[in-house]
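**Student:**
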Amino acid sequence: MRLLVILLIVAFAVPAYAVISAPLSLFWQAFTAIGMLVAANILVRLRDYRWALVMMGLSVLASSRYMWWRLTETLPIGQGFNAWDIFWACGLIVAELYAYMILVLGFVQTAWPLHRKPEPLPADPAQWPTVDVFIPSYNEPLQIVRPTVLAALALDWPQDKLNIYLLDDGRREEFRQFCEEVGVTHLTRSDNKYAKAGNINAALQRTGGEFIAIFDCDHIPVRSFLQMTMGTMIADPRVSLVQTPHHFFSPDPFERNLNTFRKVPNEGELFYGLIQDGNDSWDASFFCGSCAVLRRQTLDEIGGIATDTVTEDAHTSLRMHARGWKSAYINIPQAAGLATESLSAHIGQRIRWARGMAQIFRVDNPMTMRGLKLGQRLCYTNAMMHFFYGLPRLIFLTSPLAYLLLGADIIKAQGWMVLAYAAPHVLLATITNSRLQGRYRHSFWAEIYETVLAPFIIAPTLLAVLNPKLGKFNVTAKGGIVDRDYFDKDIARPYYVLFLLNLAGLSVGIGRLLLGNPHPDTVLLNLGWTAYNLLIIGGALAVASEKRQVREAVRVRTRIPAAIAAEPGGTAHLTDTLDVSYGGAALQAPEGLSVQPGQRLQVLLMPQRSDVWIDAVVRRSGHRMIAVEYEALSIAQESALVQALFGRADAWMQWRDRQDVDRPLHAFGEVAQNGLRGARAFFRWAFGALLHRAGDRAARSSSA
Amino acid sequence: MPDQPKSSDDVQQLLRDLSIGDLQYREFAKPQAARLRLAPNRSAEPPAAASTSADPAAADAAPAAPAAEPAAPAAVAAPLLPDTATRPAPARSPAATPRAVHESPLNFTFERLRRQAIPSRATPLQLDLKLPSRTRATLPSRLDQLQKRSLAEVFGSLCRATSPQRNIS
Chain A
641 MRLLVILLIV
651 AFAVPAYAVI
661 SAPLSLFWQA
671 FTAIGMLVAA
681 NILVRLRDYR
691 WALVMMGLSV
701 LASSRYMWWR
711 LTETLPIGQG
721 FNAWDIFWAC
731 GLIVAELYAY
741 MILVLGFVQT
751 AWPLHRKPEP
761 LPADPAQWPT
771 VDVFIPSYNE
781 PLQIVRPTVL
791 AALALDWPQD
801 KLNIYLLDDG
811 RREEFRQFCE
821 EVGVTHLTRS
831 DNKYAKAGNI
841 NAALQRTGGE
851 FIAIFDCDHI
861 PVRSFLQMTM
871 GTMIADPRVS
881 LVQTPHHFFS
891 PDPFERNLNT
901 FRKVPNEGEL
911 FYGLIQDGND
921 SWDASFFCGS
931 CAVLRRQTLD
941 EIGGIATDTV
951 TEDAHTSLRM
961 HARGWKSAYI
971 NIPQAAGLAT
981 ESLSAHIGQR
991 IRWARGMAQI
1001 FRVDNPMTMR
1011 GLKLGQRLCY
1021 TNAMMHFFYG
1031 LPRLIFLTSP
1041 LAYLLLGADI
1051 IKAQGWMVLA
1061 YAAPHVLLAT
1071 ITNSRLQGRY
1081 RHSFWAEIYE
1091 TVLAPFIIAP
1101 TLLAVLNPKL
1111 GKFNVTAKGG
1121 IVDRDYFDKD
1131 IARPYYVLFL
1141 LNLAGLSVGI
1151 GRLLLGNPHP
1161 DTVLLNLGWT
1171 AYNLLIIGGA
1181 LAVASEKRQV
1191 REAVRVRTRI
1201 PAAIAAEPGG
1211 TAHLTDTLDV
1221 SYGGAALQAP
1231 EGLSVQPGQR
1241 LQVLLMPQRS
1251 DVWIDAVVRR
1261 SGHRMIAVEY
1271 EALSIAQESA
1281 LVQALFGRAD
1291 AWMQWRDRQD
1301 VDRPLHAFGE
1311 VAQNGLRGAR
1321 AFFRWAFGAL
1331 LHRAGDRAAR
1341 SSSA
Chain B
4 MPDQPKSSDD
14 VQQLLRDLSI
24 GDLQYREFAK
34 PQAARLRLAP
44 NRSAEPPAAA
54 STSADPAAAD
64 AAPAAPAAEP
74 AAPAAVAAPL
84 LPDTATRPAP
94 ARSPAATPRA
104 VHESPLNFTF
114 ERLRRQAIPS
124 RATPLQLDLK
134 LPSRTRATLP
144 SRLDQLQKRS
154 LAEVFGSLCR
164 ATSPQRNIS
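Chains A and B supply the protein sequences, listed in that same order.
According to this note's numbering, the first sequence is numbered sequentially starting from 641.
According to this note's numbering, the second sequence is numbered sequentially starting from 4.
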């Protein structure tokens, strides 16, 4: 078998080498580029997934050909070039090599997503194993944690085989009282060593379930979670981890500030929608810290959750894989949580992830670690390398300025030749990624996501590579509220510096073009690149324009059967909800029921499953809609609300189906629109700040 | 929200509909279906009754308010259907015929459609208003005298009726 694989590789490698390295004139290269683009446009229309593999091959060929040409013919070495040119050229070529490596590794990682299905459980529930549910918390407010605990209590699993533990590292009295009230175990420890990992490890010492289900304290499980995941564990005793997606029912800062919630897939959806499914086919699904079940035996074997890095989850699964344990990923949302509210909190969380992955890269490098299979090495390496995108992204955003502003020749080639080689490389990668990832990441949106985070993750990743012991665990803030519209000028500082630099480059470039530059094609190429960069940076500026959250509690648009009674014990009017939150609900007004704002009534959610009425006050009525706000909830009422809103098995399953499909040109239009909006917001803020400052100065001088 | 599918929370049905494995789902916490006394004016939304059981005692206590009955299983409901011709017609809209408890709206079958359609055709709407019996306002002996009055006397009596003396007497 191995020989056959080697023979196949050689059989493909020889002609591939010929295609990649063949030098062509501008005419023939342009001809080849057009041929490749036509082929990609035909292939993208073929629904059979095997054609997507052909597209990957074609894209890799186009990109390899471009890289070969760049490395062998375009480096500014020799007469007419100085050290300055070489410095800029080296920066760009390193960034391009990085992007090429990520592209190829990404294709390998997601070549054949597994789409694993839940395994059946033994017919007799007496044979089902015991499960401990861990809900670690440190400084989150109780109202964030309550729904998670109440939903865990409603998990469909034999009650004598299910134990729920709230791991309270904050050692708070109100948490203890709540646990006592609802009947779950409140676990604390004397210190906070190793943060979340240490908290879980301390709980492992004091509990005894065969399996551990872990939920972050703001990730609320649906009632089917354990039955969906545990079958896989029981069917194969070598499976140590079953991970499910992290789903968010509130918009993250990108979605809120760019108004793309439930229209454009969010930043994390590519990972949970496609990459983890791809990892699963290589037996390399990672532990993501929450919404997962782990086998206690494995945790005991590897010494518990890893504590050496700040991304303890991925590190733990890496150690499990190195010991020969398997993992599984079930791509069915079985829990949902709150996304980070503000851009600064979001960036803080991503910095931790980036730093942690860089730490693992140093501490337990997957390419050299013993016990891993090749596929696992590649998947983990790609996951870690991904977080080094900060520097390459900044290089791409500034490279054309080296030519336009500083006059450096960083690519030793004519503009048309660069276009003939680069166009198939960039466009084929875009079309192929759209074919593979379209449901989970729209084209060009990664540029905005990466641009926003790039300036902030460069230093932490580089420092973590130099010294993995630097820094400490920072808890992601959740459940806050953005109470006003504002431009986050501190976060946006790197974006507007980049924006102004590119604007200057564009102006100088236009000037050079109008004054008669001897290489107008090169100037035009760099101008086009700069204009594109301006749109992307504009998108980042738009993300930094924080939008006010209208409501304190996140409303989930969902149609749940409900009943309304105008008075306790009175006749019931059946209806459906329009949206529901933890603080209130909007319901379709039933015929024959007339209510007035301020009127008290009762609402029953899911009458076929629950008989707990919730007291509420009408806040608005009209247009066939009644909006109510709940009054103080008892534990039973709160539990009924949690089960109806968050605990339904179908709560999040078809969430993705309602997003728009990716159309690259349309996606580019959206990105450009956001870019222009961001630029406008920036100018408005900048002029406002200048006028304000000038006014202050005038007032000071007149008073003096 | 017309595009939004209605939640059923029927996991087994969901597994079948989305083709996600052969898992046989077990319910451990028995759902406590609410016993509702439904409001009368709800003909516009008949399907909502599908998932609701009603309290027969409450229905007896308030006959004027038509109440849903406990849903019969499909096997029992079918033989009862022919009896609807001989039994007294129900004093409620057939549109309020309850469906089985916990039956998923996704679980559409022609049998269910038949169960809903036949009673609505077999038993046309009959209203029993149960009004009190009429009583006479005037004695028969006095009625003749009243009818023989002239128009002027009638108007005169009307004017007197609004006067304070009339009220006192």
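Ideal Cβ positions, reconstructed from N, Cα and C, are used throughout, including at glycine.
Model, not experiment: these values are computed from the prediction.
Scan the stretch 930-1007 of chain A and note each continuous alpha helix (DSSP H) run of 4 residues or more that stays entirely inside, going in chain order.
**Tutor:** With a minimum length of 4 residues, the continuous alpha helix (DSSP H) runs that stay inside the stretch 930-1007 of chain A are 936-941, 952-962, 983-1003.
**Student:** Between A/Ala794 and chain B, is any beta-carbon pair separated by less than 9 angstroms?
**Tutor:** yes
**Student:** May I ask you to report which of helix, strand or coil DSSP gives A/Ile717?
**Tutor:** In the structure shown, the three-state DSSP call for A/Ile717 is coil.
**Student:** How far does the alpha helix (DSSP H) with A/His1065 in it extend, from its first residue to its last?
**Tutor:** Per DSSP, the unbroken alpha helix (DSSP H) holding A/His1065 starts and ends at 1055-1077.
**Student:** Looking at the unbroken beta strand (DSSP E) that takes in A/Ile775, where does it start and where does it end?
**Tutor:** 771-777
**Student:** For B/Pro69, does the count of other Cβ atoms within 10 angstroms reach 16, so buried, or fall short, so exposed?
**Tutor:** Since pLDDT at B/Pro69 reaches only 33, below the 50 mark, its modelled position is unreliable, and the value read off the structure follows with that caveat. Answer is buried; the Cβ neighbour count reaches 16.
**Student:** Which of helix, strand or coil does DSSP assign to A/Thr1341?
**Tutor:** Looking at the sequence itself, residue 1341 of chain A is Ser, so the reference to Thr does not match. Reduced to three states, the DSSP call for A/Ser1341 is helix.
**Student:** Measure how close the beta-carbons of A/Ser864 and B/Val14 come, nearest whole angstrom, since I'm counting them as under 8 angstroms.
**Tutor:** 5 angstroms
**Student:** Taking 9 angstroms as the threshold (beta carbon to beta carbon), is A/His1213 in contact with chain B?
**Tutor:** yes
**Student:** What's the C-alpha gap between A/Leu1351 and A/Cys819?
**Tutor:** This structure cannot speak to residue 1351 of chain A, because chain A is shown only from 641 to 1344.
**Student:** Answer with yes or no whether the minimum CB distance from B/Leu39 to chain A is below 9 angstroms.
**Tutor:** yes
**Student:** Measure from the alpha carbon of A/Gly1182 to the alpha carbon of each residue in A/Trp1056, A/Phe894, A/Ala1307, then state which is nearest.
**Tutor:** Reading the sequence as shown, one finds Ala at residue 1182 of chain A and not Gly. Each of A/Trp1056, A/Phe894, A/Ala1307 was checked against the Cα of A/Ala1182, and the nearest Cα belongs to A/Phe894.
**Student:** Please classify A/Glu1271 as buried or exposed, where buried requires at least 16 neighbouring CB atoms within 10 angstroms.
**Tutor:** Classification for A/Glu1271: exposed.
**Student:** Is it buried or exposed for A/Asn601, if we count other Cβ within 10 angstroms and need 16 for buried?
**Tutor:** The structure shown has nothing for residue 601 of chain A, since chain A only spans 641 to 1344.
**Student:** Taking the Cβ atom as the reference point for each residue, do A/Val650 and A/Leu701 lie within a distance shorter than 9 angstroms?
**Tutor:** no
**Student:** Quick check on A/Gln1248 - is its C-beta less than 9 angstroms from some C-beta in chain B?
**Tutor:** yes
**Student:** Output yes if chain B places a C-beta closer than 9 angstroms to the C-beta of A/Ile1200; else output no.
**Tutor:** Output row for A/Ile1200: interface = yes.
**Student:** For A/Thr938, which residues from the same chain have a beta carbon less than 7 angstroms from its beta carbon, with the 5 sequence-adjacent residues on both sides left out?
**Tutor:** Ser880, Met960, Trp965
**Student:** When you compare the CB positions of A/Ser1074 and A/Asp1302, do they come within less than 9 angstroms of one another, or not?
**Tutor:** Yes, the pair counts as a contact, with Cβ atoms nearer than the cut-off.
**Student:** Just the chain B side, please: which residues come within less than 7 angstroms of A/Lys757 by C-beta, in chain order?
**Tutor:** Ile23, Gly24
**Student:** Just to check my reading of the structure: A/Ala791 and A/Pro877 have Cβ atoms closer than 8 angstroms, yes? What is that Cβ distance to the nearest angstrom?
**Tutor:** Going by Cβ atoms, the distance from A/Ala791 to A/Pro877 rounds to 29 angstroms, so no, they are not a contact pair.
**Student:** Nearest to A/Phe926 by CA position, among A/Asp940, A/Glu952, A/Pro716, A/Arg936, is which residue?
**Tutor:** Relative to A/Phe926, the option among A/Asp940, A/Glu952, A/Pro716, A/Arg936 whose CA is nearest is A/Glu952.
**Student:** Quick check on B/Ala88: does DSSP put it in helix, strand or coil?
**Tutor:** Confidence in B/Ala88 is poor, its pLDDT being 33 and thus under 50, which makes the residue's placement too unreliable to answer from.
**Student:** With A/Thr869 as the anchor, note down where its alpha helix (DSSP H) starts and where it stops.
**Tutor:** 865-875
**Student:** Considering A/Ser880, what are the terminal residues of the beta strand (DSSP E) in which it resides?
**Tutor:** Element bounds for A/Ser880: 879-883.
**Student:** Kindly indicate the opening and closing residues of the alpha helix (DSSP H) around A/Ser661.
**Tutor:** 642-661
**Student:** Where does A/Arg1240 fall in DSSP's three states?
**Tutor:** strand
**Student:** Is A/Pro1247 near A/Pro1201, with beta carbons less than 9 angstroms apart?
**Tutor:** yes
**Student:** Do you know offhand how far A/Arg786's Cα is from A/Leu1244's?
**Tutor:** Straight-line Cα distance between these residues: approximately 20 angstroms.
**Student:** Below 8 angstroms, can you find three or more Cβ-Cβ pairs linking the stretch 890-906 of chain A to the stretch 825-832 of chain A?
**Tutor:** no
**Student:** Would you report the Cα separation of A/Thr872 and A/Asp920, rounded to the nearest angstrom?
**Tutor:** 13 angstroms
**Student:** How should B/Ala37 be labelled, buried or exposed, when 16 other C-beta atoms within 10 angstroms of its C-beta is the threshold for buried?
**Tutor:** buried
**Student:** When you compare only the Cα positions, how much space is there between A/Thr1198 and A/Gln1054?
**Tutor:** 56 angstroms
**Student:** Indicate the three-state DSSP secondary structure (helix, strand or coil) for A/Lys1109 in the structure shown.
**Tutor:** A/Lys1109 sits in coil when the DSSP states are folded into three classes, being neither helix nor strand.
**Student:** Per DSSP, which residues does A/Asp1255 bridge with? Please list them.
**Tutor:** A/Gln1242
**Student:** Starting from A/Phe671, trace the alpha helix (DSSP H) in both directions and tell me its first and last residue.
**Tutor:** 666-683
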